[in-house]
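Numbering-wise, the sequence shown is residues 1491 to 1903 according to this note's numbering. Positions of the beta carbon are idealized from the N, C-alpha and C atoms, including for glycine. Only one structure is covered here, and it is reproduced in the block below.
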Amino acid sequence: MRLTLVFILSLNILSQTIILKPKSYLDVETGELITADIEIKNGVITKIGRNLSNNNAEIISLKDKVLLPGLIDTHVHLIGNNQLNGYESLSESSYLATLYGALNAKKTLLAGFTTVRNVGAANYADVALKTAINRGIVLGPRMYVSGPPLGITGGHCDNNLLPHESSVPNQGIVDSPWEARKKVRTNRKFGADLIKFCATGGVMSKNTDVNAKQFTFEEMKAIVDEAHNHGMKVAAHAHGLEGIKAALNAGVDSIEHASFIDEETILLAIENNAYLSMDIYVSDYILGEGVKKGVLEESLNKERVVGKTQRQNFKKAVKLGANITFGTDAGIFDHGDNGKQFVYMVEWGMSPLEAVQAATVNAAKLIGDESIGRILIGNKADFIGLDQNPLNSINILEEVPFVMKEGKVVKSE
Ligand code: ARG
1491 MRLTLVFILS LNILSQTIIL KPKSYLDVET GELITADIEI KNGVITKIGR
1541 NLSNNNAEII SLKDKVLLPG LIDTHVHLIG NNQLNGYESL SESSYLATLY
1591 GALNAKKTLL AGFTTVRNVG AANYADVALK TAINRGIVLG PRMYVSGPPL
1641 GITGGHCDNN LLPHESSVPN QGIVDSPWEA RKKVRTNRKF GADLIKFCAT
1691 GGVMSKNTDV NAKQFTFEEM KAIVDEAHNH GMKVAAHAHG LEGIKAALNA
1741 GVDSIEHASF IDEETILLAI ENNAYLSMDI YVSDYILGEG VKKGVLEESL
1791 NKERVVGKTQ RQNFKKAVKL GANITFGTDA GIFDHGDNGK QFVYMVEWGM
1841 SPLEAVQAAT VNAAKLIGDE SIGRILIGNK ADFIGLDQNP LNSINILEEV
1891 PFVMKEGKVV KSE
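Encoded structure:
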C-alpha cells in the first residue's frame, strides 16, 4: 500500500518533466540564436543542451520554432470592459469589470505575454484576478498588481466625470504625505505588489493638464519612502517635465509615459537606475478610433500633442542609453494587441534586439523578478515560439503561435 503510494507519487513528479526541442532559442542578452533543447521540471528550466533525452519526459517537438522568453508588458489595465470610454465607463459594476478582466487576461497570455504589471484598478479587483490566475481558476499571465493608484483630488487618478453631489473620490485619492503613507500601507495590506501614483495630469482624464505636476515633492517622497520600506516598487504616471523630475528625485523606479522628458532628465533617470515605460503605440489607436469610441474631445486634443512629442523623446532616450521597459497601456486598445508596439519601438530608434530586451530582461529587472525574462537554468519555463528570428522581422511578435507559461502549453498552432 505504502509502496504503491510512493510509486504513484514519483510517477507524478516524473511526468512533470518536459523536453522542448526547438529549432533554436534566442539569447535575449546577446542576440545570438542557440541550438539546444530545454528540459523543464515543475515549471522551471532544469537543463539546456544539445540532444537532451530522458525516458520519462514528455517531448515537445518544435522543430520549426525559435523560442524566446515569455514577453512582459509592464503597463496594462486588465480590469474592465475596454469598449467603454468616458462617461460610459461609469455604467458597469466592479464585479462585471473583474469578469472582463478574466477575458482580457486570457487574450493577453495567448498573445505571448506571460507576465504583466497591472498599474491601477479599483476594489483590488487586480488582486482577485491575480489570485484566480495563480490558483488556475482563470487563464492569464503572471500578474504584478498595484491596487488603486494614488492621486490628488481632481487629478488624473481621480474620477472627475460627475458633479459634486453624485461624485465619490477614487479609492487612491490622498492629499498629504501622511494620507499617502496610509494608502501605501492599505494597498500593501490588501495584496498590492507595487505602488502606482499620478505625478501629472493625463490624456484620458477629464479636466487635467498633462503638463501640471500633481502631488508636492514632499508627498512623492512620502509615497516612495513608504513603498520602498516595504520592498515595493513605485511607478509614476508622468507626462510633463516638472512632474517627471520631481518623481525621479523622489526615487521612483519607473516613469510611465515620460512624454515631455528632456535630455537632462533622461540622464537623471539613467543615474537613478529608473526605467522609462513609454507607450508609443497607443497614440495611433486613440487618434484613429477615439471619435468612434466616445473618447472625450479634450483627450483627443491632448493626445495630438502628447503622442508626437513622446515618440520624439523616445528616440532621444534610446540614443542616450536610457533603461527602457515595454509598457503599452493595453486596455485603452484591445488586450492581446500589446505586440503591436514592437514595430513602433524599432521605427523610433531601437534595434530589434533592444525592443525584445525591453519586453524581457529589462522588464524583469524593473519588476524585480529575475526568474523571468531570460532563458536560463533555474528560471521559470515561460516561452513563446515564433516561425522566424524576430530580429529579422520584428512584426512577427504581433502573432505568436506558441506560448508556454510555467511549463504548461497554453497555445500551440
Ligand atoms: N493613460 C495615459 C493618460 O491618460 C494614456 C496616454 C496615452 N498617450 C500616449 N501618447 N502615450 O495619460
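Outcome for residue i when other beta-carbon atoms lying within 10 angstroms are tallied against a minimum of 16
i     : result
I1550 : buried
E1787 : exposed
F1832 : buried
R1492 : Reliability fails at R1492, whose pLDDT of 49 lies under 50, so the model's placement of it is uncertain and the value that follows must be treated cautiously. The residue in question, R1492, is exposed, as its Cβ has fewer than 16 Cβ neighbours within 10 Å.
D1752 : exposed
H1825 : buried
N1546 : exposed
R1801 : buried
D1554 : exposed
L1757 : exposed
L1652 : exposed
E1754 : exposed
T1525 : exposed
K1596 : buried
S1773 : buried
I1627 : exposed
F1707 : exposed
H1646 : buried
H1654 : exposed
K1792 : buried
F1680 : exposed
G1778 : exposed
Run of the alpha helix (DSSP H) containing residue i, from where it starts to where it stops
i     : result
K1855 : A1853 to I1857
G1797 : E1787 to L1810
L1757 : E1753 to E1761
K1537 : Looking at the DSSP string, K1537 is not in any alpha helix (DSSP H); the run it does join, the beta strand (DSSP E), is V1534 to G1539.
C-alpha gap between residue i and residue j, whole angstroms
i     : j     : result
I1760 : K1809 : 12 Å
H1567 : A1618 : 14 Å
H1720 : L1561 : 27 Å
E1844 : I1884 : 11 Å
L1871 : E1896 : It is worth fixing the name first, because residue 1871 is Ala in this sequence and not Leu. The alpha-carbon atoms of A1871 and E1896 are separated by roughly 4 Å.
K1711 : N1697 : 25 Å
G1644 : R1607 : 25 Å
I1623 : L1593 : 12 Å
L1892 : L1876 : Rather than Leu, the amino acid found at residue 1892 in this sequence is Phe. Distance between the alpha carbons of F1892 and L1876: 7 Å.
F1705 : K1898 : 44 Å
S1543 : I1713 : 51 Å
L1499 : I1663 : Low per-residue confidence applies at L1499: pLDDT is 45, beneath 50, and the placement is therefore not dependable enough to give any value.
P1638 : K1672 : 13 Å
K1533 : L1599 : First, the residue type needs correcting, since residue 1533 is Gly and not Lys in the sequence shown. Rounded to the nearest angstrom, the two C-alpha atoms are 16 Å apart.
N1859 : A1726 : Just to set this straight, residue 1859 is Asp in the shown sequence, not Asn. Computed Cα separation, rounded: 19 Å.
I1874 : N1803 : 30 Å
K1703 : E1746 : 14 Å
V1900 : G1602 : 10 Å
T1621 : S1636 : 14 Å
L1572 : T1536 : Position check: residue 1572 holds Asn in this sequence, whereas Leu was assumed. The alpha-carbon atoms of N1572 and T1536 are separated by roughly 39 Å.
L1881 : M1835 : 13 Å
K1686 : L1640 : 6 Å
Residue i Cβ short of 8 Å to the ligand ARG heavy atom set
i     : result
I1874 : no
G1833 : In the sequence as presented, Gly is not what sits at residue 1833; that position holds Val. V1833 Cβ: outside cutoff for every heavy atom of the ligand ARG.
H1747 : yes
Q1802 : no
G1645 : no
S1744 : no
E1793 : yes
G1947 : An answer regarding residue 1947 cannot be provided, because it is not within the stretch 1491 to 1903 covered by the chain.
I1770 : yes
I1776 : yes
H1654 : no
S1695 : yes
S1543 : no
D1699 : no
D1648 : no
G1721 : no
I1904 : Absent from the model: residue 1904. The displayed extent of the chain is 1491 to 1903, so no value can be given.
S1773 : yes
H1718 : no
H1727 : yes
S1902 : no
S1789 : yes
Unbroken beta strand (DSSP E) run spanning residue i, endpoints
i     : result
E1529 : D1527 to K1531
F1490 : Here the chain has residues from 1491 to 1903 only, and residue 1490 is not among them.
F1832 : Counting along the chain, F1832 falls outside any beta strand (DSSP E), though it belongs to the alpha helix (DSSP H) covering Q1831 to E1837.
D1563 : L1561 to V1566
F1892 : F1892 to K1895
Heavy atom of the ligand NAD within 8 Å of residue i beta-carbon
i     : result
I1642 : With respect to the ligand NAD, the structure shown offers nothing to examine, as its ligands consist of the ligand ARG.
Does the region 1855-1871 come close enough to the region 1573-1585 that 3 or more CB-CB pairs lie under 8 Å? Result no; under three Cβ-Cβ pairs closer than 8 Å.
Touch test, the region 1731-1738 against the region 1756-1773, Cβ-Cβ under 8 Å, three pairs minimum: Yes, since at least three Cβ pairs between the region 1731-1738 and the region 1756-1773 fall closer than 8 Å, the two stretches touch.
Practice prompt. Give a yes or no on contact between the region 1777-1785 and the region 1726-1736, applying the rule of three or more CB pairs nearer than 8 Å.
Written response: Below 8 Å, too few C-beta pairs join the region 1777-1785 and the region 1726-1736 to call them touching: fewer than three.
Query raised in the report: Is it a yes or a no for the region 1811-1819 touching the region 1580-1592, going by three-plus beta-carbon pairs under 8 Å?
Result: Output reads no: the region 1580-1592 does not touch the region 1811-1819.
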